[in-house]
Structure formats: C-alpha cells, structure tokens
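Chains as they are written, first to last, in my numbering: chain A, 193 to 495; chain B, 121 to 484.
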Amino acid sequence: MERIASAVASRLVIIVPYAWLLFFFLVPFFIVFRISLSQTVIAMPPYTPVFDLAGGLSGILEGMREFSVDNYVWLTEDVLYFNAYVSSLIIAAVSTFLTLLIGYPIAYGMAQAPRSIRPTLLMLVILPFWTSFLIRVYAWIAILKPEGLLNQFLITIGVIDQPLIILNTNWAIYIGIVYSYLPFMVLPIYSALEKMDHTLTEAAQDLGCTPITAFWRVTFPLSLAGVVAGCLLVFIPAVGEFVIPDLLGGSETLMIGKTLWNEFNSNRDWPVSSAVATILLLILVLPIVYFQNVQAKADSEGR
Amino acid sequence: MSKIIIATLAAAALAGSTMLASAQERVVNVYNWSDYIDSSILEDFTKETGIKVVYDVFDSNEILETKLLAGGSGYDVVVPTAYFLQRQIAAGVFQKLDKSKLPNLANMWDVIMERTAQYDPGNEYAVDYMWGTTGIGYNVDKMKEILGTDAKPNWDVIFKPELAAKFKDCGIHLLDSPTDIVPSALAYLGLNPDSHEAADLEKAAELLTSIRPYVRKFHSSEYINALANGDICLAVGFSGDIFQARDRAAEAKAGVTVDYSIPSQGAQMWFDMLAIPADAPHVAEAHEFINYMMKPEVIAKASNYVFYANGNKASQQFLDKEVLEDTAIYPSDEVMQKLFTVTPFEPKEQRALTRLWTKVVTGQ
C-alpha cells in the first residue's frame, strides 16, 4: 500500500515540470503560432479567424481553412527582418563572449576562495537582483553619458581630455547586457567549478603540467557544462532583449525586439509580429537542442 | 480529504458572497495616463456621488490599445489619444455615449469639439479631457549661446541641416514616432501636414535623412529626463512632457532652464479623450464620472494641477492665470489657426510609413 502511494507521489512530482512546460510554454506558444497564421483586421481582437468554442469542432475546422503562411512569406520579402535577426544574433554573441570573459574568472576566484566566505561571495553576486532591473539599467545612463560619472572620473585622472561617447552606441548595449546577465554566467560556472576535485589539478601539475596547461587540460574541460549553461542563459534572453538597447543603445541599432515592437504597436499587425516571434523562437530552440546533446554526452562520459 | 473539499467550497462560497456585497457598492474603473489628475478630484467625486473610483494608470497609447483590442479589460472609462481613438472606434472597442446623461456637455469648447469631430464624427463616442501640441522643447541658455537670440525657436532649428548641425554636440532628440514627426516635417516643407501621398512622405523622409546625422536619438520618453538634466538641447516632443521637463529642471536647481515653443510654421494638435469601452461593466457610473469631469470647476482644477489645456470653455474662468495666460498651454488665436490635426493611416499606408521611418532612423 505504502509502495503504491510513493509510486503515485513520484509520478506526481514528475508531472509538475511537464505541466509547467505545457501551461507556460507550449500553450502560449501555440496561441502565438495560431495568430501568426491569421490575417490582420480592424476588429477586436485585431485578427481573423477567431474561434468561438460555441461553434464546436466544425467551427474550428472551418476557421482553420482561413489559415495561411502569408505572414512568413512576408518576412522573406523585406530584408529588414533578416538583418534584424542577424544583428540581434551578433550583438547577443558578442555580449555572451564578453560575459564569459568576465564571468569565468569571477566564478573561478569564488570557487578557489576559502569555503567559509563562499556563501558571502555568492550573496554578493545575487545582491543586485534586489534592485529593479529597470532602475539598474537607468543608472547606467547616468554613468555612461558624456557628463556622466565614468567620463568625469577618466577626465579627472587625466586619461582622456574629451568625454567618450559611449551612451547610445553598441558599446553601451554590450556593457548593459554584460552587467545585467553576469550572475547568470557566474552561477552555473561556479557550481561546476566548486564540485571539481582539486586533487586532479595537483595530479596534473605533479605529472609536469604548468598551472596554465593544467587549467586548460583539466579545469576548463571539467567546467564546460557550466560554461555552456551560462552562455545559453545569457545568449537566449540577449537575442530578444528590448529594454537595454532601447535605453542604452542608439536609434540606428536594429534588433529583433524593436522590430517586433514596431510590428505590434506601430503597424498593429499582431499576425506578422507573431510570425516574427515564432521564427525567433525557432532560432533559439536550436542552441537549446545543441546544449541538450552536449549535456547528454557529458553525462554519459561522466558515467 | 472530503473535509478539505468542504472547507474549500465553503471558502469559495464565502468569497462569492463578499463579491456580491461589493457588487452593490457603486464602482467606476478608470484607466488614465500617469500623472494626469489631481487625486483630490477623485475623492470629491466619491463624496458627491458615493461611487468609488478604482484608478489605474498607463504611460503609452500602445499599452492601452493592446488591452482594449484584447477585450475584457474591465475598465469603464479610458483616455486614448484621438488619433488612436478613431481606429479603436472602427474596431468596435467603444460604445456611444448616452448624451442625455451628460448635461455638462453644454460647457464644452466648440473650437476643440470641431477638431475632435474629425476623429469621432459628431463626437458620439468621446469627449475631450485635455489637449496639447507637438512642438520643440529646448534648453534656454544653450539656445541663446548657440543662436545668439532670445527668440523662441521654430522648425528651422530641427529641419534646416545647417542649423541642426550646430546643435549636434549639444544633442537633439526626436520622438520615435513617424505619425508625430512626419506631419511636422511636412508642415516645415509647406506641404499638407495630413498628406498620405507617397510622394509627399518621400519628401519628408528625404528631409529627415538630411538631418539624421545631427539627431542623437529617436525615443518617445527619454527626452523628458534628458532635457531636464541638461543632457540635450533640443527635443521634438509633446507639450505636456516638456512642461514636466521644465518643472523637473526648475526643481533640481542645477542651472538648467527648459522651455517649450509651438513652432510658427504650425504644429500638430493632440487630444486625450474620455471614452467608455463597449464591454464596460459599469456604464451608468462611467457616464456620471465623465459628466463630473465636464464640470467647469472640476476640470479647471485638473488643468491647474497638470498644466494642460482642457476642452471645456466654461472652465476657463476658474483657471489659474499662469495656466490660462501661458501661450504654450493656451496659444493665441493666431497660433491656434496654425495648429493642425492629422488623420490615421490605413493599415497598408501605416506599414509603408513605418518602413520609411525605420529606413530614416536605422539607415536600413
């Protein structure tokens, strides 16, 4: 009896994440996908066909006949969309690389720190989350602007004579993304490094590795799962980022988040903006699948 | 287990009964722009009518429109800008006002009613709350330093490349909105600001491209802070936002003085309208609220607080001098003649305009 109860309980536990995915990922995705196959009209809601559950199955089938892929065809007809996707991917890739460059040493330092102060260091990494994301991005405007704190500081110590123009350029976007997403890079790498057995590096050095070779041949490969996880956690939201380029970037920066905003709010074209979002999702699903493969490989090698 | 179910049902029944009780209390759900009312007006309304006001705010027409188009917003009174209102009426978002319940309509200002009727023929769906213009906000001292004159600037400082170039380092912001900037560019060119002709729009785009290098940013709200902090010298924006920048700069006492100019070549007028969604749950209360907002003393109090002009003629005797006599808020008759309104673009035209705009702004 007890065994059955525990079997049911463990099944329930498994169902929870699947139910979560179903209701908060798959269902919203299908709603967006379904709108992307519709046509825009001046009505409430502003697309057609609209399904009325009262119409029953036949009503739904009738409506589905009106579905078309016109909106996807439209995305291929104007090079704007392609350029926006590419430029978003490049900005996200550069930002992810910079975040890794800064995040890895931080995580490494934390993992090397005495065990007693590690919780404090972890706390410090998470601490910025206690302030609203929006306020922190606004604060960067005050730091980066021509008469801002950074330029004042650099001029005072005599590094530059003329203020650097950083705000409203792509550099400001990179700084904003690296700053905002750094904890997402640090935490998974830290957790990978922390689990590592230090005797392995010692063994490598005993066998004649310099500390640098030992790092590249032992430590880094062992932390790879954390690096991949961190990169995905930064890259994926960075591709669709809207707030940071809007506030810190210049107007000439073309990103898919802004394109989507224009389609939805300026053109009031919910179907085309849904198509843009669906394609964006497909672009992002590919790295996730890749990550899954890496992870599965690492797991099987681990065993 | 069954005890838990009974307890849950009982709790649900209890919640249901309290909801019934609150349904008997009269409520009106108002959705207005942020910082757009003296909150004592809402308290007075409740005192006078016994209707509780549930007041919620938004900060862009886009947010309001998305909620309205999705339907079932639950709001009884909303305040879209007339330009957006027109298409929303076509989409079936609003219900016609019951004018028999709005005796205070007699107080409204015919000059404004005539203009809002272009968006809402016969003013059947909405009444004006506040109105303003799209013009130039500027840093007074820098303007004098660069141009050597105290005169209020007109569109030349934005659209004449050789003049705009002088303000490049000081900073120019334009609204990131073709429907606000393109008509202004057309007015500067001496063309019909309300033109939907592709050839005219192309000319406006050419003009904008010629001054693009001197524009630091296209953004629809950042200019308020940027002007107030002295980060930029010039912004094309909404009158009310620039008054806000003017006040913030004065409060900060950091030596920045901001002022607003209605360009002499003509400027676009906008109107924020009180309207009732078709699916509003409290229609009678919504009418009472709108009627209350048309009382001369009430709307004058609102204008005195937010520094916007209203569409209520009878309220003008109750306005503070600094509001009524400020020609940036209530322009002279001569300037009023120069103000223009624009009509919304058809979806296809709008798509072409957005595309043209993206090309001007990003170069792509």
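We put the CB at the ideal spot given by N, CA and C, even for glycine. Predicted, not measured: the structure shown is a model, and the values here were computed from it.
In terms of alpha-carbon separation, which member of Val477/A, Pro375/A, Leu476/A and Val420/A lies closest to Lys489/A? Position 297 of the first sequence, counted from the start, is the residue given in the question as residue 489/A. Answer by Cα proximity: Val420/A.
Cβ atoms of Phe465/B and Leu473/B: under 7 Å apart, would you say? Position 353 of the second sequence, counted from the start, is the residue given in the question as residue 473/B. Position 345 of the second sequence, counted from the start, is the residue given in the question as residue 465/B. Yes.
Distance, Cα to Cα, Phe243/A vs Leu229/A? Residue numbering aside, residue 243/A sits at position 51 when the first sequence is read from its first letter. Residue numbering aside, residue 229/A sits at position 37 when the first sequence is read from its first letter. Between Phe243/A and Leu229/A, the C-alpha separation is close to 13 Å.
Where Asp164/B sits in the DSSP three-state scheme: Against the second sequence, residue 164/B aligns to sequence position 44. In this structure, Asp164/B counts as helix in the three-state DSSP scheme.
Residues near Ala403/A in its chain [Cβ-Cβ closer than 6 Å; skip 5 each side]: For the purposes of this step, residue 403/A is taken as the residue at position 211 of the first sequence. Before going further, note that residue 403/A is Pro rather than Ala in the sequence given. Hits under 6 Å: none found.
Simplified DSSP state of Ile301/B, which is helix, strand or coil: Position 181 of the second sequence, counted from the first residue, corresponds to residue 301/B. In the structure shown, the three-state DSSP call for Ile301/B is helix.
Start and end of the alpha helix (DSSP H) containing Leu313/A? If you number the first sequence from 1, residue 313/A lands on position 121. Its alpha helix (DSSP H) spans residues Arg310 to Ile318.
Using a Cβ cut-off of 7 Å, pull out every chain E residue sitting near Met236/A, in sequence order please. The chain inventory of the structure shown lacks chain E, comprising the protein chains A and B.
Is the separation between the beta-carbon of Tyr366/A and that of Leu290/A shorter than 7 Å? Position 174 of the first sequence, counted from the first residue, corresponds to residue 366/A. Position 98 of the first sequence, counted from the first residue, corresponds to residue 290/A. Yes; because the gap between Cβ atoms is below 7 Å, this pair is in contact.
How many Å lie between Ser330/B and Glu282/B at the Cα? In the second sequence, counting from the first residue as 1, residue 330/B sits at position 210. In the second sequence, counting from the first residue as 1, residue 282/B sits at position 162. For Ser330/B and Glu282/B, the distance between alpha carbons rounds to 10 Å.
Got a sec, what are the start and stop residues for the beta strand (DSSP E) Val147/B sits in? As a first step, residue 147/B must be located in the second sequence, where it is residue number 27. Val147 to Trp153 is the span of the beta strand (DSSP E), which, as asked, contains Val147/B.
Taking 7 Å as the threshold (C-beta atoms), are Ser423/B and Gly255/B in contact? As a first step, residue 255/B must be located in the second sequence, where it is residue number 135. As a first step, residue 423/B must be located in the second sequence, where it is residue number 303. It is not a contact, given that the beta carbons lie outside the stated cut-off.
Considering only the alpha carbon of each residue, which of Ser180/B, Asp164/B, Ala226/B and Glu145/B lies closest to Asp361/B? In the second sequence, the residue the question calls residue 361/B occupies position 241. The shortest C-alpha separation from Asp361/B is found at Ser180/B.
Comparing C-alpha positions only, which one of Val410/A, Ser465/A and Leu416/A sits nearest to Tyr239/A? Here residue 239/A refers to the residue found at position 47 of the first sequence. Nearest of Val410/A, Ser465/A and Leu416/A to Tyr239/A, Cα basis: Ser465/A.
Where does Ala141/B land, buried or exposed, given buried means 16+ other C-beta within 10 angstroms? Locating residue 141/B in the second sequence gives position 21, where the first residue counts as 1. Here the model assigns Ala141/B a pLDDT of 44, short of 50, so the residue's position is not dependable, and the following value carries that caveat. Exposed, because fewer than 16 other Cβ atoms sit within 10 Å of the Cβ of Ala141/B.
Going by the beta-carbon positions, is the gap between Lys337/B and His293/B smaller than 7 Å? Position 217 of the second sequence holds residue 337/B. Position 173 of the second sequence holds residue 293/B. Cβ atoms of Lys337/B and His293/B: closer than 7 Å.
If I measure Cβ to Cβ from Lys272/B and keep anything under 6 Å in the same chain, skipping five residues before and after, which residues do I get? Counted from its first residue, the second sequence places residue 272/B at position 152. Closer than 6 Å at the Cβ level, and outside the excluded window around Lys272/B, lie Ser381.
Quick one: measure Cβ to Cβ for Met388/A and Leu414/A, integer angstroms, because I've assumed they're closer than 8 Å. Position 196 of the first sequence holds residue 388/A. Position 222 of the first sequence holds residue 414/A. Indeed they touch by this definition, with Cβ atoms about 5 Å apart.
Residue ranges of each alpha helix (DSSP H) within the stretch 315-346 of chain A, 4 or longer: The stretch 315-346 of chain A contains these whole alpha helix (DSSP H) runs: 325-336.
Delimiting residues of the beta strand (DSSP E) encompassing Trp275/B: In the second sequence, counting from the first residue as 1, residue 275/B sits at position 155. Taken as a continuous stretch (DSSP letters only), Trp275/B belongs to no beta strand (DSSP E), as it is neither H nor E.
For a test of the three-state rule: what should DSSP assign to Asn312/B, helix, strand or coil? Your numbering for residue 312/B matches position 192 in the second sequence. Of the three classes helix, strand and coil, the one that applies to Asn312/B here is coil, per DSSP.
Continuous alpha helix (DSSP H) stretch holding Tyr264/A: start and end: Within the first sequence, numbered from 1, the residue matching residue 264/A stands at position 72. Its alpha helix (DSSP H) spans residues Asp262 to Glu269.
Using a Cβ-Cβ distance under 7 Å, would Ala141/B count as near chain A? Taking the first residue of the second sequence as 1, we reach residue 141/B at position 21. At Ala141/B, the pLDDT of 44 sits below 50, so the modelled position is not reliable and the matter cannot be decided from this model.
Between which two residues does the beta strand (DSSP E) containing Asp261/B stretch? Here the question's residue 261/B lines up with position 141 in the second sequence. Asp261/B -> not in any beta strand (DSSP E); alpha helix (DSSP H) instead, spanning Val260 to Leu267.
Quick test of the definition: if touching needs 3 or more C-beta pairs under 8 Å, does the stretch 409-419 of chain B touch the stretch 220-229 of chain B? yes
Chain A contacts from the stretch 458-483 of chain B (Cβ-Cβ distance under 9 Å): If the cut-off is 9 Å between Cβ atoms, the stretch 458-483 of chain B has Pro467, Gln470, Arg471, Leu473, Thr474, Arg475, Trp477, Thr478, Lys479, Val481, Thr482 and Gly483 near chain A.
Tell me where the beta strand (DSSP E) around Trp390/B begins and ends. Counting from 1 along the second sequence, the entry for residue 390/B is found at position 270. First-last of the beta strand (DSSP E) with Trp390/B: Gln388 to Ala395.
Taking only the alpha-carbon atoms, compute the straight-line gap between Val205/A and Ala197/A and give it to the nearest angstrom. Residue 205/A sits at position 13 when you count from the first residue of the first sequence. Residue 197/A sits at position 5 when you count from the first residue of the first sequence. Their backbone Cα atoms lie some 12 Å apart in a straight line.
Can you name the residues of chain B whose CB is closer than 7 Å to the CB of Asn275/A? Working through the first sequence from its first residue, we reach residue 275/A at position 83. Within chain B, the residues near Asn275/A are Gln484.
Give me the Cα-Cα distance between Met180/A and Leu314/A, rounded to the nearest whole angstrom. Beyond the ends of chain A as shown, which are 193 and 495, falls residue 180/A; an answer cannot be given.
For chain A, find out if any of its Cβ atoms is closer than 7 Å to the Cβ of Lys337/B; answer yes or no. If you number the second sequence from 1, residue 337/B lands on position 217. So yes, Lys337/B belongs to the interface.
I'd like to check one pair, Tyr382/A with Ala305/A: are the Cβ atoms closer than 7 Å? For this step, residue 305/A is matched to residue 113 along the first sequence. For this step, residue 382/A is matched to residue 190 along the first sequence. Against a cut-off of 7 Å, the Cβ pair of Tyr382/A and Ala305/A comes out as no contact.
For the stretch 156-183 of chain B, which residues have a CB atom closer than 7 Å to at least one CB atom of chain A, in sequence order? Glu182
Looking at chain A, is there any beta carbon in it that lies within less than 7 Å of the beta carbon of Asp379/B? Position 259 of the second sequence, counted from the first residue, corresponds to residue 379/B. No, its Cβ sits nowhere closer than 7 Å to a Cβ of chain A.
Which class does Thr377/B belong to by DSSP, given the choice of helix, strand or coil? Locating residue 377/B in the second sequence gives position 257, where the first residue counts as 1. Coil at Thr377/B, not helix or strand.
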